[in-house]
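Asks: Take a look at the following structure, please.
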Amino acid sequence: MVGSSPRHPSIVAALVRRIGNTDAATLTNAAWFAARRGELAAARACAHRATALPGDTPCAHRALALLDA
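Numbering of the sequence shown is given in the numbering used here, commencing with residue 463 and proceeding in unit increments.
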């Protein structure tokens with residue numbers, strides 16, 4: 463996959479654990495980071511969590527729509 467690194471496959475998981483449910487913008491950014499590394503399941507999970515938070519942004523919904531496409 464484009465941007466994936468076989469040497470560091472757990473970077474996205476560690477990042478998601480660390481940020482938790484901080485806010486929708488941070489989770490949306492994490493979703494795009496995960497997608498760029500080729501970890502689409504983690505990217506979708508972050509986008510879903512971002513849209514479920516209060517105060518979610520239109521970017522979170524757009525990210526979710528693009529990742530689910």
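Every residue gets a Cβ at the ideal spot worked out from N, C-alpha and C, and that includes glycine.
None of the values given here were measured: they were computed from a predicted structure.
(1) So what's Thr490 in DSSP terms, helix, strand or just coil?
(2) Exposed or buried, Ala527, counting other C-beta atoms within 10 Å across all chains shown (16 or more means buried)?
(3) Can you tell me which of Ile473, Leu489, Phe495 puts its alpha carbon nearest to the alpha carbon of Ala512?
(4) How long is the line joining the alpha carbons of Gly482 and Ala522, rounded to whole angstroms?
(5) Look at the alpha carbon of Arg499 and the alpha carbon of His510, and state the distance between them as a whole number of angstroms.
(6) Taking Ile473 as the reference, which of Gly517, Phe495, Thr484, Asn491 has the closest Cα?
Replies: In short:
(1) Helix.
(2) Looking at its Cβ environment, which holds fewer than 16 other Cβ atoms inside 10 Å, Ala527 is exposed.
(3) When each option's Cα is compared against that of Ala512, the closest is Leu489.
(4) For Gly482 and Ala522, the distance between alpha carbons rounds to 16 angstroms.
(5) Spanning the two alpha carbons is a distance of roughly 18 angstroms.
(6) Checked all of Gly517, Phe495, Thr484, Asn491; the closest Cα to Ile473 is Phe495.
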